[in-house]
Amino acid sequence: MSFVVAQSHFIFGVRTGVRNNLCFFDEQTVVFPSGNSCVCFNTVQRWQRFISGSERSQGMRAMTTSSNRRYLAVSDYGERATVTVFDLQHEQGRKRKVLSAGDMSVQEFICIAFSPDSKYLIGLTGSPEWMLILWLWEKHKLLATLKTTNTNNPVTQVSFNPYNNTQLCVSGTGVFKLFRYSEGALKPSSVAKVESINFLCHTWVSEHRVIAGTDTGRLLVFESGDLRREISMTCVQGQPARQVEVKKIKDANVNEGPSVPSITAILSYSKGFACSRGPGTVFLFEQTDENGYRKTREIKIPLDAYCSGVTLAEYQQIDTICISPAEETLAISTNRGQLYSVSLSSVDMNKEDKLHFEFLSQSFHSSSITGLSICIRKPLVATCSLDRSVRIWNYETKVLELCKEFQEEAYSVALHPTGLFILVGFSDRLRLMNLLIDDIRTFKEFTVRSCRECAFSNGGHMFAAVNGNIIQIYSVTSFDNILNLKGHNGKVCRIEWSLDDSRVVSCGVDGAVYEWNTQSGKRESESVLKSCSYTGVAFSSDCKTILAVGTDLTLKEIQDCQVLREVPADETAHTALAVSHSGRVVFTGTSSGTVRAIKYPLPIQKEWMTYQAHSGPVTKMVITYDDQFLLTVSEDGCLLIWKIIDKEGRGLKSNKHIVHTEEILITKSDLEEKTQHMLEMKMRLEELQMENEYQLRLKDMNYNEKLRELSDNFVQQIESLKTSQQAMKTEMEKQECENQQNSAELIMKHSKELKDLELSYSQKLIVEHEKYQDLQQKHQRMQEDYEKQLKSAEDRKIQAVEELTKMYEAKLQEKAELLAQCQEDTEQKISVFKAIIKQAEEDEERKILEIQTNYEKKMKTEKQTNTNLKGKNSIMAQKFISLQKQIDDRSADINKLKQERQRLLGLIRSLESDIEDLKRQISGHEKTSQDKDHIISCLKRKNQELEKLKFVLEFQLNELKQKTEPLQHDISVKKERISQLEEELIQTDKSNAQLKLTVSELKLKLKTRDKEMCKESQKVKDLETHLQRLKSDLHNCVGFIQEPKTLKDNIQMIYARYVQQTERVERTNADDTVQKALRHQCDRQERTVNGLKMRLVKSAEEHEKVYTKIMKENMTLIAEINELRKELHLARTQAKDVRAQLALLKKPKKSQPILEEAAYQEPKQLGVS
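In this note's numbering, each residue carries its 1-based index in the sequence shown increased by 19.
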């Protein structure tokens, strides 16, 4: 085996697709899945502890922690799914139990949960069974299984009641059920009718209440498994503390509303609950009373601070919400593999500000990582991914240094040895960029599309880039293409430079490994194996041999075109390769995500160490130049840092001593901006200091005034207290004197009482002593009498014993004679008895056969009845449980009824007094009944008159209906006319818009013409100034007419000065025709513009006329419609009044007060009709 060991050190990334993939271990430590392990991450000290997954696992599906946060359960899917329970308090995360579904073939557990006492563990299997499996996990015992639903209704979550370890809740598409574990089986206790609702998550908020979230953004409240109400999410902005509306709903009235953001995660805590609301948003609710909840805060995921440009940070779906044990921190995980947190104490403090999540550690890649590179002079690692981002990590401080997102996908990356430049291959081209202090900026682009592999030379003066099946080598200083290495027939997968940069090794899909000379561009060696597609290649530490891996599942060592050694094949293929600079070990990555350490020189047999690393194929791996760290990336989007140590736990000794530099690149403009910003901040700081000093002075003044006031008040209070204290002292002295007098009197009384008591008790003692002497004399007499009686009793006893012995000896002789006679009789009876026994045995055998047959028949019947009784017994047991519940409910109802009875007795007493008052009133009403009979006779007469009126009103109604029908027809016609006019208006608006466009174009042309005119006028002015100067110069020359030499010189000067200008003038004269033509065109365009303006004015006037006409028609139509409506309203009111009158008249006599009211109201109704 290899003497070098790789130990997991730190990982960047989160594994998505795992249920409940984030939970707290304590206030500072979180647990989440990453790669093929679970990671315990301390957010304060920034250390990680790895809990490795199982080797045969095909991946994690769900995880959960116990309520005491000691145990972690992880479900792995495969041919036979398992659930592994780990002890988190153990340093290495010791594996406690591995649970399976027994004989059932289960491929995955989509959700798992611990009971509140951590005794039971429940697992929910995937489709098509959707089975619940309950374990007593510490004893590795499967307790019960149950199918939850059919294949059409998938289930998403199962959870234990935190107040009852035997009650479960299951939710899914059209499924919401409660189960209870009793009598060794899971039994449904409540099934809600929710076929049309898709539940995504739920949480227990009390012993009987569950809140569930749906895919349409609804929060539904269930009480004891029954749907009771819905919590509305509507809340006015700016009023976060507003009471949330709670609506009562029925089971049947559960229709889905319009499409709204879904609720994918929900969690309860002591104050209420938290739930996700669409992408990137979490709402906090607090409980106000037993049934009410109030939305307190809204927390959002902010834009990625590391990334400049367009990001999808705000549109991430929240998968998991968890809260720390002390409820100080709320953390979430998203579907893009990011972890965020927020402090709940800051939520309570900043009630007015908008709250945002912060990264729990830093942002991670959300897709497959395609490129990996390191540099010599800095502890930096560069990665690129299909999520269109390039990230720079520091593997010593474990921090994300730089990040930038681009518009195109990044396929390859290479860091310059200095760590100041980066080469990235995008889908459209290859870009060379500067690594600035806070940005990655492009300064050179190369026309290399979809570059899948690129690498800088060790000296940094050249770089190689793969363009299809060609390797292009460029100069970093001149950016020229120095060499094109052609030879591969397929895509090149990997390239690597030698230590002295004189050679480059490459491998490709065509099964070829080529070694190139970078000076001449020729191949120095080659090895072709067409049956193998190579994925990784590297030089050995001394650059004498080449190591390569590919799809033939072997590791080859090549030298001089021949395979020297070959590590035997295994089930998994090697995908990447890295060789230590010390030459002691070779690391390979596999398609299953594992990392292998193979000692060098290569062994003949299968000897290596395998480490669980990633959940997807390893895409790239590299060893740092000091041989301290191994870096691996995978398709799962994780970057894993391994520490390379020997068997004794010490780091490898490297021959190279590498000093890391700290210099960075920054542009001059950025530096100036930063210095300017610093100056502004300094100015601002000085201003703030001045303001603070001024405010402090003001506060000091106010506080001094307050101190003076307080001191004055305290002085007054002290003086008042002193006076009160003196008064109290005088009172105390008076009370002390009184107490001394009272105590002296009491002492005198007690001394007298003591003397009296001593005299009385001495007399009593003398009497008692005399009684005691009398009792002693009596005791001596009684003792003498008792001794005499004992002697006489002993004499009597001796005489009685002698008489009894004589009696019993005579009786013994008689009994011996009787025994001899009895023995003879028994011998005769035994012979007779044996004969009888034989006959009885024969008779009994017959009877036994008959009884046996009868008994077997009875047994069959009794077995049948027993099975029936068992079924009835189970039914009766269920009935007994339900009856017991009913009895409890009834007892509660009886208590309530008793309370109501006492209340009603009080009511009865009060009502009896009211009855007496009513009897008095009835006696008064009987007197008025005769008057009311007279009123009834009058009403009957009026009823006849109203019937006549009814006939007349019905006739009028018919007439009104006949009138309204043609009016309604007119209204419909006018509405059609209005629609036609509106269409005309739209057409006129379109024409106006076109005219405005033409006018704007013409205005632009006019502006250009005006500019040209200004230029021409400027030229004319220049020419005039030139003419004036020429005239002045000629006038000066005229003075030298008599001096020919000076005149000649001056004329030559004038010629030299103005001849070229005159040529310009001539040119301008030649261009006068062009200017005239331009002026003519300008005039024509001005005329056309004026004409268009006139047309526009006319069209506007016509439009206004048409508009006024339409408005007038509309006004008339509206007036007619309103009049018709008034007429209809009047007719309807009249009809209603008539019907009401008829109904009142047809009613029988119910009570006298009603008739009185009718008598008073009827005259008013007749007046209205």
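Heads up, the beta-carbon is just placed ideally off N, CA and C, and yes, glycines get one too.
Top-ranked residue by Cα proximity to Val415, from Val511, Glu427, Asp571, Ile660
The sequence as given places Glu at residue 415; Val does not occur at that position. Here the closest residue by C-alpha is Ile660.
At which residue ranges does the segment 871-895 contain complete beta strand (DSSP E) runs of 3 or more residues, listed in the order of the chain?
DSSP runs (the beta strand (DSSP E)) wholly in the segment 871-895: none.
Report task. Confirm, please, whether the CB-CB distance from Ser190 to Ala231 is below 8 Å. Result -> yes
Taking only the alpha-carbon atoms, compute the straight-line gap between Val582 and Cys562 and give it to the nearest angstrom. 15 Å
Helix, strand or coil: how does DSSP classify His28 here?
-> strand
Looking only at its chain, what residues have a beta carbon closer than 6 Å to the beta carbon of Glu724, apart from the 5 residues adjacent to it on each side? none
### Query
For Gln47, which of helix, strand or coil comes out of DSSP?
coil
Check your understanding: I think Glu128 touches Thr144, with their Cβ atoms under 8 Å apart; what is that distance to the nearest whole Å?
Key -> The sequence shown places Phe at residue 128, rather than the Glu named in the question. For a cut-off of 8 Å, the C-beta gap from Phe128 to Thr144 is around 6 Å, short enough to register as a contact.
Reducing DSSP to helix, strand and coil, say where Glu275 ends up. Residue placement at Glu275 is poorly supported in this model, since its pLDDT is 39, which falls under 50; the coordinates are not used for a value here.
Under 7 Å Cβ to Cβ from Arg247, same chain only, skipping five residues before and after it: list those, please.
Val240, Phe241
Should the segment 107-118 be called in touch with the segment 162-179, which here means at least 3 C-beta pairs below 8 Å? no
I need the DSSP call for Val1039, collapsed to helix, strand or coil. Taken through DSSP and simplified to helix, strand or coil, Val1039 comes out as helix.
Excluding sequence positions up to five away, which residues of its chain have a Cβ less than 7 Å from the Cβ of Thr300? Scanning its chain for C-beta atoms nearer than 7 Å, with the 5 sequence neighbours on each side dropped, one finds around Thr300 the residues Glu317, Lys319, in chain order.
**Report entry** Three-state secondary structure (DSSP) of Lys417
**Finding:** coil
Original post:
Under three-state DSSP, which class holds Ser327?
Top reply: For Ser327, the predicted structure reports a pLDDT of 49, less than 50, and the residue's modelled location is therefore unreliable. The matter cannot be settled from this model.
> Where Leu511 and Asp529 are concerned, what is the direct C-alpha to C-alpha distance, given to the nearest angstrom?
Replying inline: What sits at residue 511 in the sequence shown is Val, not Leu. Their Cα atoms are separated by approximately 8 Å.
May I ask which residues mark the beginning and end of the beta strand (DSSP E) holding Glu585? 581-586
Can you grab the Cα-Cα spacing for the pair Glu1062 / Cys1033, in whole Å? 45 Å
Quick check: the Cα distance between Ser1010 and Gln987, rounded to an integer number of angstroms? So the two alpha carbons sit approximately 35 Å from each other.
### Query
Where does Asp106 sit, in a helix, a strand or coil, going by DSSP?
strand
Please report the distance separating the alpha-carbon of Ser948 from that of Ile934. 20 Å
Compare the Cα-Cα distances from Pro207 to each of Asn217, Phe218, Ile216, Phe195 and report the closest residue. Nearest C-alpha to Pro207: Phe195.
Check for me: the beta strand (DSSP E) holding Gly569 runs from which residue to which?
Residues 565-569.
*Residues bridged to Cys188 [DSSP beta-bridge criterion]*: Ser178, Leu197
Nearest to Gly54 (by Cα), restricted to the options Arg34, Arg38, Ser73 = Arg34
In angstroms with no decimal places, state the Cα-to-Cα distance between Asp122 and Ile141. 17 Å
**Message:** Classify Met82: buried if its beta carbon has 16 or more other beta carbons within 10 angstroms, exposed otherwise.
**Reply:** buried
TODO: Using alpha carbons as the reference points, say which of Thr594, Val605, Lys1064, Gly1110 lies closest to Gly612.
DONE: When each option's Cα is compared against that of Gly612, the closest is Thr594.
Could you say if the segment 457-471 and the segment 516-533 meet the contact criterion of at least three C-beta pairs nearer than 8 Å?
no
query = Taking three-plus beta-carbon pairs below 8 Å as touching, is the segment 73-90 in contact with the segment 36-56?
reply = yes
- prompt: Which residues in the same chain as Asp499 place their Cβ atom closer than 8 Å to its Cβ, once the five residues preceding and following it in sequence are excluded?
  reply: Tyr493
- Candidates Ser599, Asp719, Ala839, of which the one nearest Asp665 by Cα: Ser599
* Alpha carbon to alpha carbon, how far is Glu534 from Lys541? Give it in angstroms, no decimals. => Computed Cα separation, rounded: 9 Å.
Distance between Lys662 and Lys718 (C-alpha atoms, nearest Å): The alpha-carbon atoms of Lys718 and Lys662 are separated by roughly 59 Å.
For this session: Please work out which residues of its chain come closer than 6 Å, Cβ to Cβ, to Trp1031, disregarding the five sequence neighbours upstream and downstream, and give them in chain order.
Result: Correcting the residue type first, residue 1031 is Glu in the shown sequence and not Trp. Result list for Glu1031: empty, nothing under 6 Å.
Residues of its chain near Asn732, where Cβ-Cβ distance is below 7 Å and the 5 sequence neighbours each way are ignored: none
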